[in-house]
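Inspection log for the structure reproduced underneath, given as structure tokens.
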Amino acid sequence: GAVVSQHPSWVICKSGTSVKIECRSLDFQATTMFWYRQFPKQSLMLMATSNEGSKATYEQGVEKDKFLINHASLTLSTLTVTSAHPEDSSFYICSAQGKGNTGELFFGEGSRLTVL
Amino acid sequence: KQEVTQIPAALSVPEGENLVLNCSFTDSAIYNLQWFRQDPGKGLTSLLLIQSSQREQTSGRLNASLDKSSGRSTLYIAASQPGDSATYLCAVILNDYKLSFGAGTTVTVRA
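Those sequence lines, one after another, are chains Z and W. Residue 119 is where the first sequence ends in our numbering, and the numbering goes up by one at each step. Residue 113 is where the second sequence ends in our numbering, and the numbering goes up by one at each step.
Have a look at this one:
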């Protein structure tokens, strides 16, 4: 199946700093990628839809100025958590739609962010 | 708004027993339904994708059914093994490719 890679897999940062997470589709082009957040023992919640070459679409309640998404190429989307605070500590996962019309989505390994 | 519910929330079975995981959704206008496995602290692994026109998909010991009219999908895992211990997530894919996830069923298979 298609491969989606996320980096870093885990990161610890101080409160007030910014953290960038990369999501790459390794063997296919992804015009659309999705970013999710998962709190402990909860399911994934969609944060935003990232479209190559255009602005991301954010879900209700997600601050677009805090979670900056850039999808500059067909294989790379980045999520930057700006001025991170402890409540931003979470597991962030990206996904990309594979080729064809099946609609199957492939997920990255996830990035665990801990803000001290 | 699409609501996805998974029952039970947790399940513990002895090795060799068959597993039945249930997923229900409120809006039948779905594009696809996808089952995932998530190990602790890890990302998602896609198990089975059922397109809206299909009624079931099989892969090895896994079988997933889909009944759109009743808003239900069931994941069957035959002859469970300790390595099957994980959280299983059901996700409904809407026409814009957004997913709505259930909260998951955490499975423990005892050796």
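Just so it is clear, CB atoms sit at the ideal spot from N, CA and C, and this is done for glycine as well.
- Counting only runs that start and end within the region 40-69 of chain Z, where is the beta strand (DSSP E) found for 3 or more residues in a row? 47-54
- Considering only residues of the same chain and omitting the five flanking positions on each side of W/T28, which have a CB-CB separation below 7 Å? The sequence position of residue 28 of chain W within the second sequence is 26, counting from 1. Cβ neighbours of W/T28 beyond the five flanking positions: Q4, E5, G73.
- Query: Got a sec: is the Cβ-Cβ distance from Z/G111 to anything in chain W below 7 Å?
  - Reply: Against the first sequence, residue 111 of chain Z aligns to sequence position 108. True, the Cβ-Cβ gap to chain W drops below 7 Å.
- Message: Among the candidates Z/C26, Z/G19, Z/W13, whose CA atom is the shortest distance from the CA of Z/T78?
- Response: The count along the first sequence starts at 1 and reaches residue 78 of chain Z at position 75. That would be Z/C26, whose Cα lies nearest to the Cα of Z/T78.
- Helix, strand or coil at W/P84 [DSSP, three-state]: Residue mapping note: residue 84 of chain W aligns to position 82 of the second sequence, counting from 1. It is helical.
- Query: Per DSSP, which one or two residues make a beta bridge with Z/L77?
  - Reply: Reading the first sequence from its first residue, position 74 is the one you call residue 77 of chain Z. In DSSP, Z/L77 forms no bridge with anything.
- Message: I'd like to know whether the C-beta of W/F27 is nearer than 7 Å to at least one C-beta of chain Z.
- Response: Your numbering for residue 27 of chain W matches position 25 in the second sequence. False, the Cβ-Cβ gap to chain Z never drops below 7 Å.
- Query: So which residues of chain Z does W/S48 contact, with C-beta pairs closer than 9 Å?
  - Reply: Taking the first residue of the second sequence as 1, we reach residue 48 of chain W at position 46. Per Cβ cutoff of 9 Å: G4, E107, L108, F109, F110.
- Query: Buried or exposed: Z/A51, going by 16 or more other Cβ atoms within 10 Å of its Cβ?
  - Reply: For the purposes of this step, residue 51 of chain Z is taken as the residue at position 48 of the first sequence. The residue in question, Z/A51, is buried, as its Cβ has 16 or more Cβ neighbours within 10 Å.
- Task: Report yes if the C-beta distance between W/S61 and W/L50 is below 7 Å; otherwise report no.
- Result: Counting from one through the second sequence, the residue named residue 61 of chain W turns up at place 59. Counting from one through the second sequence, the residue named residue 50 of chain W turns up at place 48. Their beta carbons are under 7 Å apart, which means W/S61 touches W/L50 by this criterion.
- Tell me the DSSP bridge mates of W/D29? For the purposes of this step, residue 29 of chain W is identified with residue 27 of the second sequence, where counting begins at 1. Answer by DSSP bridge pairing: none, since W/D29 is not bridged.
- Query: Since Z/R115 meets chain W, which of its residues come closer than 8 Å, beta carbon to beta carbon?
  - Reply: For this step, residue 115 of chain Z is matched to residue 112 along the first sequence. Those within 8 Å of Z/R115 in chain W are G43.
- Item | From Z/L108, Z/F31, Z/W38, residue whose alpha carbon lies closest to that of Z/V84 | Reading the first sequence from its first residue, position 81 is the one you call residue 84 of chain Z. Of Z/L108, Z/F31, Z/W38, the residue nearest in Cα terms is Z/W38.
- Closest Cβ-Cβ distance between Z/L47 and chain W: below 7 Å? Residue mapping note: residue 47 of chain Z aligns to position 44 of the first sequence, counting from 1. Answer yes: the Cβ-Cβ gap between Z/L47 and chain W drops below 7 Å somewhere.
- Item | Beta-carbon contacts of W/T76 that lie in its chain and below 8 Å, excluding the five residues immediately before and after | Position 74 of the second sequence, counting from 1, holds the residue named residue 76 of chain W. V22, L23, N24, C25, A66, S67.
- Cα separation between Z/D91 and Z/M48? Here the question's residue 91 of chain Z lines up with position 88 in the first sequence. Here the question's residue 48 of chain Z lines up with position 45 in the first sequence. Approximately 14 Å, taken between the alpha carbons.
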